[in-house]
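**Student:**
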Amino acid sequence: MDTLDSSSSRYRTGFHSPPVDAADEPRDAEIQATLAEAEALVLGEQFRPALRLIVKAINMCPCEPASEGKERHPKDKSCHIDQCMLAVNSGDPYALFEVAKSPCTCGYRWPSCTHQHHAAALDALANCLDRDAQYVAAFAAALAIIRLDPASAMGYCRGARIIRYLLKSASPPGDSAKGRAVAIIFNQFTDASSPLFLRAVLKRFVRGGMCIIDRHRRNPKDTYNVRGSIPIPFDTTSLPANEFPQAVLRRMAYHLDCDDARMDPVKEFPMEIIGLVFSHLDITDLGLTLGPAMLCVVVPRSRLWSPRFLPPFPTSLQGLEILSANDNVARSVLFTTASPATAINATALIDGDLMDLNLPQLEVFRCLSSILKPRHLEHILKPSVSAGKLQALELRAAFNHLTPPNGGDQPGGFVPARDLDFLTCSSLHTLGLHDFNFFENPSGRWVATNEFQAEPFVEWLDCFPSLHTLGVYPGDWEAVGLLIPRLIARPGIKAIHQQYLRGLSWDEAQKLARKHGVELSHSPAHMPAGWRVFEDFDDDTST
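Residues 1 to 543 in the UniProt record's numbering are what the sequence shown spells out, letter by letter.
1. If you measure between the beta carbons of residue 544 and L166, is that distance less than 7 angstroms?
2. With a threshold of 7 angstroms on Cβ separation, who are the neighbours of R164 within its own chain once the five nearest residues in sequence on each side are excluded?
3. Nearest-angstrom Cα distance between H526 and V299?
4. Buried or exposed: R514, going by 16 or more other Cβ atoms within 10 Å of its Cβ?
5. In whole angstroms, give me the CA-to-CA distance for L323 and P374.
6. Can you list, in chain order, the residues of its chain with a C-beta nearer than 7 angstroms to that of H468? Leave out the 5 residues immediately preceding and following it.
7. Could you check how far apart the C-beta atoms of L41 and A50 are, in whole angstroms? I think they sit under 8 angstroms.
8. Thinking I484 and V472 are a contact (beta carbons under 8 angstroms), I'd like their distance in whole angstroms, please.
9. Quick check on this structure: which residue in N127, R131, P111 has the alpha carbon closest to the alpha carbon of R147?
10. Would you report the Cα separation of C79 and A36, rounded to the nearest angstrom?
11. Would you mind reading off the limits of the alpha helix (DSSP H) that contains F457?
12. Leaving out five residues on either side along the sequence, give the residues of the same chain with a beta carbon under 8 angstroms from the beta carbon of F313.
13. Who are the near neighbours of S523 in its chain, counting only those whose CB is closer than 8 angstroms to its CB and skipping five residues on each side?
14. Look at the alpha carbon of F438 and the alpha carbon of F457, and state the distance between them as a whole number of angstroms.
15. What residue does the beta strand (DSSP E) around F365 start on, and which one ends it?
16. At 4 residues or longer, and completely inside the segment 453-506: list those alpha helix (DSSP H) runs for me, N to C.
17. Cutting at 6 angstroms between CB atoms, please list the residues of its own chain near A454, excluding the five before and the five after it.
18. Between the C-alpha atoms of R331 and L395, what's the straight-line distance to the nearest angstrom?
19. Roughly how many angstroms lie between the CA atoms of P74 and Q83, to the nearest whole one?
20. Assuming contact is defined by CB atoms lying nearer than 7 angstroms, are A141 and A120 in contact in what I supplied?
21. For A200, tell me which candidate among Q361, H379, S90 has the shortest Cα-Cα distance.
22. Identify, in the order they occur along the chain, each residue of the same chain with its Cβ nearer than 6 angstroms to the Cβ of R215, setting aside the five sequence neighbours on each side.
23. Grouping DSSP H, G and I as helix and E and B as strand, with all else coil, what is V518?
What follows is the structure in structure tokens.
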């Protein structure tokens, strides 16, 4: 994204050039080159020659050939501004659309064109006029973009940032150019002297644009269907429902530091303006844009969950952490294709195929749901194990739903060292297991709390020579108090996360941990979230 220096951030255009149609390629390439040349002149504050180039680019559009001598709006565009701003303040969010499709009050019929290079040229015109302190003319150009194509976010964004800049810079309105511009733009409003009123008008301008784009965008089939928390390394479950999808997508883009997805001209914009841009994006293209920037996906522990669109996981993904024990959450993340239109039937997900995952760079994998069988884990983790990348693993093995050996159909006790032998590697240094009890119970009777067997888990640890951090979450079995001290004394162990020990047993375990140089932590529900918390201890091999 081409931008000005940081001191001029409000002038960023923020819009990429649209795809070029093969038939129009020479002309579109010429328009792009002309606008690029004009932008360089604007950067050098050579506004007059820049304006000539921008007007030349506008005239290149086939809807507006320069040779035909089309009628132009008079230089005084106060009628144009008044008509649009009255529609904004009418209380009807769609009133501006009707105005955009209607002639000006002076009788002039504004051009209508969906060619994005035409809108981009008008946006460049507004930017140039704005930089030259011709604020009224700049705002009139922004409104002309809306009249040109009301379904495009470009005009609303440009107009909103001009208004916002003027409101921030012209207080109180006086004889300055900014103050005069505010007086002209808000000429029809009796309360124009009130900053709160003017900001309310800006809000109506932005929200009206959002409603218009949502109703009239050229791809009405695109829907977001985003609810609940989003699988990004922060929890959005606290957001009210009316903040979706724009707030979620905005936070996704900013968290991923993805300029292509953000498509916003000024980072300091209020959230509504960013939502305007996202409302106009094709949702599939957005996912493909966001996907490659992801390094880690964290699905938080959330009580509410519903199917959602996820960007395809890139091969560069380093962390995948599903911290919810809800099986439907894991199905939504791992058993759903990238496109909602081709999602697997939810009723067939338990035994269905996983997504086509290829994650050779995966360093951390955590899934606290018990739906994954060994064959699923092998599909997900074998590439990273083979590449020597897997460093941290946390799983749930519900003892009362014994996993068939090697994912087969015959029942049998779950033995990690045997059933998960494909995980054996020297790179893994952090391992956690939940809900395990290897007590043999052939009768199928209820298992008492004192009937606990952990030997297969202890034997499994031998498969990982670099292991130094454990997450021990077998459940509330009485003998867990004996297992943890045994693990503390195990050679090579330097940290243990658990939630079972209390009172005297905790105090005694802490003394033993200090004796062996082990960090014993009370970590409820699971090991600390976030793949960067897993730090590899330096191996001390000098003794």
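A virtual CB, placed ideally from N, CA and C, is assigned to each residue, including glycine. The structure displayed is predicted, hence computed values, not measured ones.
**Tutor:** Per the coordinate set shown:
1. In the structure as shown, the chain starts at 1 and stops at 543, and residue 544 therefore has no counterpart that could be examined.
2. What you label residue 164 is simply residue 164 of the sequence shown in a count that begins at 1. Cβ neighbours of R164 beyond the five flanking positions: L202.
3. Stepping through the sequence shown from its first residue, residue 526 is reached at position 526. Stepping through the sequence shown from its first residue, residue 299 is reached at position 299. Rounded to whole angstroms, H526 to V299 spans 13 angstroms at the Cα level.
4. Within the sequence shown, residue 514 is the residue found at index 514, counting from 1. Counting Cβ neighbours within 10 Å, R514 comes out exposed, since fewer than 16 surround it.
5. For the purposes of this step, residue 323 is taken as the residue at position 323 of the sequence shown. For the purposes of this step, residue 374 is taken as the residue at position 374 of the sequence shown. Their backbone Cα atoms lie some 19 angstroms apart in a straight line.
6. Walking along the sequence shown from the start, residue 468 turns up at place 468. Contacts found: H429, G492, I493, K494, A495, F537.
7. Within the sequence shown, the letter at position 41 stands for residue 41. Within the sequence shown, the letter at position 50 stands for residue 50. 4 angstroms between Cβ atoms; contact.
8. Sequence index remark: in the sequence shown, residue 484 carries index 484 (1-based). Sequence index remark: in the sequence shown, residue 472 carries index 472 (1-based). Right, the Cβ-Cβ distance comes to about 6 angstroms (below 8 angstroms), so this counts as a contact.
9. On the sequence shown, position 147 is the one that residue 147 refers to. That would be P111, whose Cα lies nearest to the Cα of R147.
10. Stepping through the sequence shown from its first residue, residue 79 is reached at position 79. Stepping through the sequence shown from its first residue, residue 36 is reached at position 36. Computed Cα separation, rounded: 32 angstroms.
11. Here the question's residue 457 lines up with position 457 in the sequence shown. Looking at the DSSP string, the run of the alpha helix (DSSP H) that includes F457 is 455-460.
12. Sequence index remark: in the sequence shown, residue 313 carries index 313 (1-based). So the list reads G291, M294, V297, L320, M355, L357, L359, once near-sequence residues are dropped.
13. Within the sequence shown, the letter at position 523 stands for residue 523. Spatial neighbours of S523 in its own chain (CB-CB distance under 8 angstroms, excluding positions within 5 residues in sequence) are listed in chain order as G471, H497, Q498, Q499.
14. Your numbering for residue 438 matches position 438 in the sequence shown. Your numbering for residue 457 matches position 457 in the sequence shown. In this structure, the CA atom of F438 is about 8 angstroms from the CA atom of F457.
15. Translated into positions along the sequence shown, residue 365 becomes position 365. For F365, the enclosing beta strand (DSSP E) covers residues 364-367.
16. Runs of the alpha helix (DSSP H) lying entirely within the segment 453-506 and spanning at least 4 residues, in chain order: 455-460, 480-488.
17. The residue labelled residue 454 in the question sits at position 454 within the sequence shown. Excluding residues within five positions, the ones whose Cβ falls inside 6 angstroms are L483.
18. Locating residue 331 in the sequence shown gives position 331, counting from the first residue. Locating residue 395 in the sequence shown gives position 395, counting from the first residue. Note on geometry: alpha-carbon atoms of R331 and L395 lie some 15 angstroms from one another.
19. Along the sequence shown, one-based indexing puts residue 74 at 74. Along the sequence shown, one-based indexing puts residue 83 at 83. When rounded, the distance between both Cα atoms is 15 angstroms.
20. Here residue 141 refers to the residue found at position 141 of the sequence shown. Here residue 120 refers to the residue found at position 120 of the sequence shown. In this structure, A141 keeps its C-beta atom at 7 angstroms or more from the C-beta atom of A120.
21. Working through the sequence shown from its first residue, we reach residue 200 at position 200. Of all alpha-carbon atoms in Q361, H379, S90, the one lying nearest the alpha-carbon of A200 is that of S90.
22. Working through the sequence shown from its first residue, we reach residue 215 at position 215. Once the five neighbours on either side are set aside, R215 has no close Cβ partner at all.
23. Sequence index remark: in the sequence shown, residue 518 carries index 518 (1-based). In the structure shown, V518 falls within a coil segment according to DSSP collapsed to helix, strand and coil.
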